[in-house]
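Peer 1:
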Amino acid sequence: MSLVIKVGLASCGLAAGAGEVYETILKHVKKNGIDATVKKTACIGMCFVEPLVEIYEEEKKSITYGDVTSENVGNIIDAFSKGKPIEENVIMSNILKGSENKTYKKQKRIVLRNCGIIDPVSIDDYLATEGYKALEKSVKDISRENIINEIKNSGLRGRGGAGFPTGLKWEFAYNAKSEKKYIVCNADEGDPGAFMDRSVLEGDPHSVIEGMIIGAYAIGADEGYIYCRAEYPLAIKHLEIAIEQATEKGYIGNKIFGTDFNFDLHIKEGAGAFVCGEETALMASIEGKRGMPTIRPPFPAQSGLWGKPTNINNVETFANIAWIILNGANEYAKYGTEKSKGTKVFALAGKIKNSGLIEVPMGMPLKDVIYDVGGGMKTEKPFKGVQLGGPSGGCLPAELLDTIVDYDSINKTGAIMGSGGMVVMDTSSCMVDIAKFFLNFTQNESCGKCTFCRIGTKRMLEILTRITEGKGKMEDLDTLEELSQNIIKGSLCGLGQTAPNPVLTTLKYFREEYIAHIKDKTCPAGVCTALLKYEVIEDKCIGCTVCAMKCPVNCISGERKQVHNIDQDACIKCGACYDACKFDAIKKG
Amino acid sequence: MITIKINGKEVKTEKGIKILDVAKENGIEIPTLCHDQELSPYGSCWVCAVKIKDRKGFVTACGTEALDGMEIETDSEEVHKARKMALELLLSDHYADCEAPCKIACPDQVDIQSYVSLIANGRHQEAVKVIKETLPMPLSIGRVCPAFCEEECRRSIVDEPIAIRQLKRHAADFDIFNKSQYVPKKAPNNGKNIAIVGAGPSGLTCGYYLSNKGYNVTVFESAPKAGGWLRYGIPEYRLPKKILDKEIKLMCKNGMKIKYNSQFGKDITLSELNEKYDAVFLAIGAQNAVPMRVKGSNLEGCFLGVDFLRNYMLGKKIKLEKKVAVIGGGNTAIDCARTAARMGANVTLVYRRTRKEMPAEAYEVDAAEEEGIKFHFLTNPVENLGKKGKLKAIKMEKMKLGEPDNSGRRRPEPTGDFFKEEYGTVIAAISQKPEVAFVTKKANQIKGKELQLTKWDTVVANEETQFTGLGKIFAGGDFRRGPATAIEAIADGRKAAEAIDRFLNNQPMIDPIKLFDSKKEKKLEDIDPKEFEQYEEIPRFKIPELDPKVRASNFKEVETGFEEEDARAEADRCLECGCNVNESCDLRKYATEYKIEVDLFMGDKNKHPIDDSHPFIRRDANKCINCGRCVRICAEVQGPGVLGYIYRGFTTYVAPEFGESLSKTNCEICGKCIDVCPVGALLPKNSNTKLNPHLSEKITQNCGLCGTGCNIEISVQDNHVTIVEPADGETFNQRDLCFDGKFGWQIFEDEDRITHPFERENDHWLPIKNIDTAAKMIQEKLQKAESKMVYISPTSSIEEALLIQHIAKKIGSQISSLSIYKSFVDKLTDTNLYTKTYDDLEHAECIVLIGKMSKVHKTIARRLQRNGAKLILITKEISDFNNFADELHNDDPIIKTLEKILQYNIELVKEELDDIDDIEHNVDPLKLDLPEKTVFMYNRDLISEESIWNIWVISSLVCNFEEGSGILPTSKFNNFRGFQKLGINAGEPANYNFVLFYGELPCEEQKKRIKNSNFIVSVNTHIDDADSSHLLLPKASYLEFESTSIADDGRTSKFKNPKKSTIHNKLLKIFKKAGLLTAQEAKISFWNKKAQMFLAKKEKIRNLSNQELLDFLYTVEHMQFDAHKQASIQKKRITKLKKMAK
């Protein structure tokens, strides 16, 4: 009997040691003469249990193991080949009872259809999953107008964050009159904590490329750019390989599928400036200029790269295209809500049990995403909030967990869908601090052009910093709101227009926490160092001296077996004593 | 046409226009900082934010096109608030001072930075003029002021503050001992009468300004002489009374009258004054001494400070005992002590706090100590002990310092420790207060109401206007403030004068516009010393003083004044904190308009060292508002693109790459970045002069440094050019100037610039003091000379050329020019083929620049290109500008490229004309399709005659010579066209007995050919090592006398003598004395008239007939083509002409 062993070798897997596991498997198989094909694949989404190894004889009877190491992988293979698979570390399986994976079950994987399943650097793997069939069908059998109509009918909206209807965008570019047009894939994924685009590019680059070529055909472009941040070396490598393969097969180049359609595709590595995710800044960057947004109109569809009509879509958007063409707009539109069709990929992070990449149908309540797909909270501490949409998004409280995944529903809360970052927080997070964190990010990443964004966010950050240091005033909250409104209204690009969102949503949903910092000079979550105070609880202290020994600044005094005392002036609030005390005799507050 | 609504009003406008412009068309001013007419919309400052109905957020008015049906709100509360916030945010990171901190610290807001810079430049009288705008008594104040300004001087962070007070005195002394003194122009008499009571600094100041403004001013003074405290309080050794007399006399030049010995309340009453005069200013001072409240104050030997000083000054006899105690720590106490010491007494000064808390100036205390005064600090007199009614001793208590009081000084507290010391005299100089007994008297009431007083007996009056609220009575100085300084009294007097003038002109007493002031920090101590690390330490120049031993026994002035060189060097230490463009700054204008409250957003500021490394451009990134105008104009219009943004977020700033110095970049120093900067982040520098923020006189004329004749605006201070900028308004050069025009003129102010004659002695030039000597030399040499020659350069104006032509005629010489050469095309000047005007260029569809061209031509061509014209460059020059070319031909030499283009055009002709035979050629044709509306531009002095021939033939094949079609040759000489018209031709150098070079400087090769000439006179602007003449006479430049030239395109260039120079008059005088001119001819106006007559004769443009053209072409000497080829070309041209004729 012949086994298939697949190892997840995306960045997340490699970081967890999957490379070593892969090598061990190769050696083990060879040494023991096991009849097995060892295959590489990319991220299946369950980053929290990497390295992941899937093993099967027939595809429908597989077991996926998590937390695989070089030490235990030999036993796993041996046991499986002996027909007595090990039942520890099983993540999912369709042969072992009770191993149905909840994380997986509630998902609907369209964008991630091949991720973690095929070998991303093998075009044959991709072709085996009907790869490039959609392109063939498009260029041979469907008119440009009909492709655009199909995308319009599918209800697909831009997955970069703003949710602009993709079909409509294509139509604008299609209608623009010019001999030269460009299509651009935005792979500048800049939100801290987001890795959807990277995973797709690493795990299934051809799906993105195929989507782009179809798009180029539809709008009449003959040249494309993938703008990918240089921090994604594996994604770039896989893209390069995929472009080479697609060119070899004739999907890129002249006379594609024997038609008059020509297409050329380049990769442009971005230096990782957050603002370059903004369309006009991204184009400036491709042109070799400083990544700074420009006034719109003219929109890229009228005058984009080098003044030519240009269509820009995000990685995830393009990854949907081939599926829609093959399965039809109606099939796609079956998923989701009235105005948000299809599925959405999220990168789950923070205090959630199953951190990783998931894809759920639109319309799923956030509660289900977090508690069912995400497995709930990581620790015993209760849920406090969820940050959606990264630095441009907002923080939602527990009361809003019934909100469904849908552009308009999320926008109503003050947050945004964004590109799919979802950070779950428990009560150990200070919301003022969180707002400060995101604002600090946007402030540093502002291109420096618009007054409100460049200086306004800085002043907001200064106010937030003052508040976290206990120097805030109640009027500061009004100033924050006034500044926010003008930054939103008076910025050229999305960075500025959304930068105040984390502040505004936390002010809206967690206002009492701001007030606690300002009026009571306390940080309820115990995060803001300047407001913290560590004190010895006299009744509990037995004088073990451990805290005094751990204190890095020697500010704890006390005789052995006597109650100890912390010198508040010298204390740097590092919390070492608090962590070290075995008798809970240190009070943090 | 589209219809839109602005602020509810329906308006119609063209399609494609931006909101900013529609608003302007309709009289609505929308502020903007980042937008510039020459640049495409950018939208970074957001000061132009407007709201469009149904659109989320704001849009930028500069970058948003008005669309049909749009409803725009340009001034709603929401918009106004947003703009205000944008300005507040910009200013919260604008680390700059609009006004210098010294000026702000001065109670009288004297423009210190400006006058100090003028002193540094040696322009003392101009400095006095600046001082007297707010402070009319610099002679006195320069001697007695406590100099609040110096306390805030930033230079003290580097080393020591600038000696501002002493510099002021230096300038004022210069003025008073000069042959003429500065007196402001008096306005015509307005018939209104002003009464001033008290001829102290406050009253005199008020009277001075009002008399300058045309009021009849009468000052009533109770004392026999004027000056008030300056005369009767300040001792002679600090302010010699002769100096004070001179100052007051000068102040009265514009009609202020002083009535001495008029007792207020007795001879004159308030109600009377209020009735008889249009306004009254009370400046009666605080003359009453506050007595000591100690026992025994009535004893003989007890004096009060003010009385003591006054009586001494009045020459009354005062009997001092040997041992004198002076009580108090203020300037009056010190003055008493030093006066008593000079009277021979042994003086001890008793003060209840320590030296540190003394209100007297430290330098005064030091001087007193040097003169032998002793001090008892932390000591308080408690009783004067006497015998037989005479003071014998003083009982004193030792004190200690406690907590600070309201004044911020530590309060003295008694210790209970007493001691006794023998003194025969005690002078108590604690404080003074006004004499106010008159107030309650009926004669001084107005309609039953009397002046309001405070509990300190000072008058109640508005701080800004000095208005008392009673009748027409204003009051200021010590009478309002209590005992204070002279400079504060002067400030009150000036403010009163301003308020009175406004009041009598039915204006609000307070100027409603208060300019916004950006400040780096509020106080000197808040400034981060780091930013001053770049300055080298240069200690303050100490003003010379009389030796303490010498001065202690007499009343001679202690400070003897700066030496001229030291004063200028001291003034040069000024760091120039105030902004030189504070009057024209857009940011300040809007901040004022929007009533900015800057404190709201105060936080971190980006701080950068000021980059002074470039010789002509100062870059102060602290002032930059990141509008990017400089970045864009340099990259998009000028070409080099040397500026860019660095970093991200709040720290983003504009600088050359890697923050390098501008001098290490490709910067072409066109200065355009300076012109577009809406603030003072980029400023011009003057290599000869320290610039300042004071308003300059602006004069508009043409530039005279090349044939283009750009329109320029010249800033002049004290007959010196400080800055040259492109002239405002719709001129052909718009805001463009080349390096020469913008900065190059500075050579006319440099060290080698000559203003009087020089004579050569071996290898040296010796100045000739007397112009008669120079004239005599010329006369003598001319008499002996048999052969004479005159050469003149086309840098000379029409006036100069006519003059020199006249002189040549008179001495029987030929006249020619070495700088020009004869060209075949010169014949075509003023024909319909040649030359296009700059205005005409606007119609061109294609501009071809050939060879090296000036920056202005490139910028003009670039602007035309941005408006749709095609830009073709044929050049060997390597320049960033080349990147703009729609077509660039730089592979071959210019001549070769032109030949190839010509070949292509000939082949085109061949196809059109059937009767043409094959033309032989040895170059491959270069396909360059040129529209009929093509203008060719080249510099006739920089490309070869053959190239010009080729250009001419190409143009004759391509152009129809109607508007926007033809040739525009340029020249490096401002008056080349004038010379053509005058008929001055190219000449060859040769040996003569007498040679006059006017503006010419022969090159080495030419020099060899004249070296056997007996006598060479050279008229030039500079001493040049290459000059081989025997006599050198000064020549005026285009900035130095009224004259005219003809520019390349036939316009008349006008020069206006902004410097009010007399150099040319001097030259005419020499020529006259040499017998070459009559008295009438030795006047500039004579030649101006001649020039006008000459220019009036300007012929109309000649239309060349076909025959004339044929004749011309056949006679061209430079023909390098065979006749056959010529004929065919001509034929084509003629065919075209025929077509045109139809």
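Taken in order, these protein sequences are the chains called A and B.
Using the working numbering, the letters of the first sequence correspond one by one to residues -10 to 578.
Using the working numbering, the letters of the second sequence correspond one by one to residues -3 to 1138.
Even glycine gets a Cβ: it sits at the ideal position worked out from N, Cα and C.
Here the structure is a predicted model, which means the values were calculated and not measured.
DSSP on B:Ile1130, reduced to helix/strand/coil?
Peer 2: Its pLDDT being 43, under 50, B:Ile1130 is placed unreliably by the model, and nothing is read from it.
Peer 1: Given this structure, state the Cα-to-Cα distance separating A:Ile140 from A:Ile314, to the nearest angstrom.
Peer 2: Computed Cα separation, rounded: 8 Å.
Peer 1: Under 9 Å between beta-carbons, which chain B residues line up against A:Ile477? List them in chain order, please.
Peer 2: Those within 9 Å of A:Ile477 in chain B are Lys52, Gly53.
Peer 1: Using the DSSP secondary-structure output, state which residues sit across from B:Thr697 in a beta bridge.
Peer 2: Rather than Thr, the amino acid found at residue 697 of chain B in this sequence is Gln. B:Ile708, per the DSSP bridge assignment.
Peer 1: Apply the 10 Å Cβ neighbour rule to B:Lys125 and answer buried if 16 or more other Cβ atoms are within range, or exposed otherwise.
Peer 2: So B:Lys125 counts as buried.
Peer 1: In this structure, does DSSP put B:His76 in helix, strand or coil?
Peer 2: It is helical.
Peer 1: Compute the Euclidean distance between the alpha carbons of A:Leu390 and A:Leu85, then round it to the nearest angstrom.
Peer 2: Distance between the alpha carbons of A:Leu390 and A:Leu85 is about 33 Å.
Peer 1: Buried or exposed for B:Ser1041, please, with buried defined as at least 16 other CB atoms from any protein chain shown within 10 angstroms of its CB.
Peer 2: B:Ser1041 comes out buried.
Peer 1: Could you check the C-alpha separation between B:Leu904 and B:Arg936 for me, to the nearest Å?
Peer 2: One C-alpha to the other measures close to 28 Å.
Peer 1: Pull the bridge partners of B:Ala285 from the DSSP assignment, please.
Peer 2: Paired residue(s): B:Gln428.
Peer 1: Taking 7 Å as the limit between beta carbons, can you name the residues of its chain near B:Asp768, skipping five residues before and five after?
Peer 2: Lys1069, listed in sequence order.
Peer 1: Check this for me: beta carbons of B:Ile708 and B:Glu721, under 8 Å apart or not?
Peer 2: Cβ distance < 8 Å, so B:Ile708 and B:Glu721 count as in contact.
Peer 1: Using DSSP with H/G/I as helix, E/B as strand and the rest coil, what is B:Val215?
Peer 2: Note: B:Val215 maps to strand in three-state DSSP.
Peer 1: Quick one: which residues of the segment 585 to 612 of chain B get their C-beta closer than 8 Å to a C-beta of chain A? List them in chain order.
Peer 2: Going along the segment 585 to 612 of chain B in chain order, one finds Leu596, Phe597, Gly599, Asp600 with a Cβ nearer than 8 Å to chain A.
Peer 1: Taking A:Val583 as the reference, give the member of A:Lys20, A:Val27, A:Val18 with the closest Cα.
Peer 2: For chain A, the structure presents residues -10 to 578; residue 583 of chain A sits outside this window and is missing.
Peer 1: Report buried or exposed for B:Met66, applying the criterion of at least 16 other Cβ atoms within 10 angstroms of its Cβ.
Peer 2: With 16 or more Cβ atoms within 10 Å of its Cβ, B:Met66 is classed as buried.
Peer 1: What span of residues does the beta strand (DSSP E) with A:Ile216 cover, start to end?
Peer 2: The question names Ile, but residue 216 of chain A is Tyr in the sequence shown. A:Tyr216 -> beta strand (DSSP E) spans 212 to 218.
Peer 1: When you compare each of A:Phe430, A:Asp357, A:Asp113 to A:Gly379 by their alpha carbons, which one comes out closest?
Peer 2: Answer by Cα proximity: A:Phe430.
Peer 1: Would you list, in sequence order, the uninterrupted beta strand (DSSP E) runs of no fewer than 3 residues that lie entirely inside the segment 946 to 1029 of chain B?
Peer 2: DSSP runs (the beta strand (DSSP E)) wholly in the segment 946 to 1029 of chain B: 962 to 966, 990 to 994, 1011 to 1016.
Peer 1: Which whole runs of the beta strand (DSSP E) in the segment 144 to 223 of chain B are 3 residues long or more, in chain order?
Peer 2: Runs found: 189 to 193, 212 to 216.
Peer 1: Could you pull the start and end residues of the beta strand (DSSP E) that B:Val675 belongs to?
Peer 2: Where B:Val675 is concerned, there is no enclosing beta strand (DSSP E), given that its DSSP letter is neither H nor E.
Peer 1: So B:Ala45 contacts chain A; which residues on that side make the cut at Cβ distance below 8 Å?
Peer 2: The answer, in chain order, is Lys478, Gly479.
Peer 1: Between the C-alpha atoms of A:Gly120 and A:Asp114, what's the straight-line distance to the nearest angstrom?
Peer 2: Going from the Cα of A:Gly120 to the Cα of A:Asp114 covers about 8 Å.
Peer 1: Give me the chain A residues within the contact set of B:Met66, using Cβ-Cβ distance strictly less than 9 Å, ordered along the chain.
Peer 2: Simply none; closest approach about 13 Å.
Peer 1: Between which two residues does the beta strand (DSSP E) holding B:Pro652 run?
Peer 2: It spans 649 to 652 - the beta strand (DSSP E) in which B:Pro652 sits, taken as one unbroken run.
Peer 1: Do three or more CB pairs link the segment 724 to 736 of chain B to the segment 1019 to 1037 of chain B at distances below 8 Å?
Peer 2: The segment 724 to 736 of chain B vs the segment 1019 to 1037 of chain B: no contact.
Peer 1: Say whether chain A places a C-beta atom closer than 8 Å to the C-beta of B:Tyr347.
Peer 2: So no, B:Tyr347 is outside the interface.
Peer 1: So B:Phe816 packs on B:Ala982, CB below 8 Å; how close in whole Å?
Peer 2: Checking the sequence, you will find Ile at residue 816 of chain B rather than Phe. Contact holds; Cβ gap of about 5 Å.
Peer 1: B:Asn550: which of B:Pro231, B:Cys94, B:Asp507 sits nearest, CA to CA?
Peer 2: It is B:Pro231.
Peer 1: What residues of chain B sit near A:Gly459, judged by a beta carbon separation below 7 Å?
Peer 2: Chain B residues near A:Gly459: none, gap ~17 Å exceeds 7 Å.
Peer 1: By DSSP, does B:Asp911 sit in helix, in strand, or in coil?
Peer 2: Low confidence applies to B:Asp911: its pLDDT is 48, below 50, so where it sits in the model is not reliable, and the reading given next is rough at best. Reduced to three states, the DSSP call for B:Asp911 is coil.
Peer 1: Taking any Cβ of chain B, which residues in the segment 434 to 446 of chain A have a Cβ under 7 Å from it, in chain order?
Peer 2: Going along the segment 434 to 446 of chain A in chain order, one finds Glu434, Ser435, Cys436, Gly437, Lys438, Cys439, Thr440, Phe441, Arg443, Ile444, Gly445 with a Cβ nearer than 7 Å to chain B.
Peer 1: What does DSSP give as the partner residue(s) for B:His372 in the beta ladder?
Peer 2: Note: B:His372 sits in a beta bridge opposite B:Val346.
Peer 1: Do we get a CB-CB distance below 8 Å when we pair A:Gln291 with the residues of chain B?
Peer 2: No, A:Gln291 does not count as interfacial toward chain B.
Peer 1: Once the 5 residues before and after B:Glu782 are set aside, which same chain residues still bring their CB inside 7 Å of it?
Peer 2: Around B:Glu782: Asn989.
Peer 1: Straight-line CA distance for A:Cys174 to A:Leu453?
Peer 2: Their backbone Cα atoms lie some 36 Å apart in a straight line.
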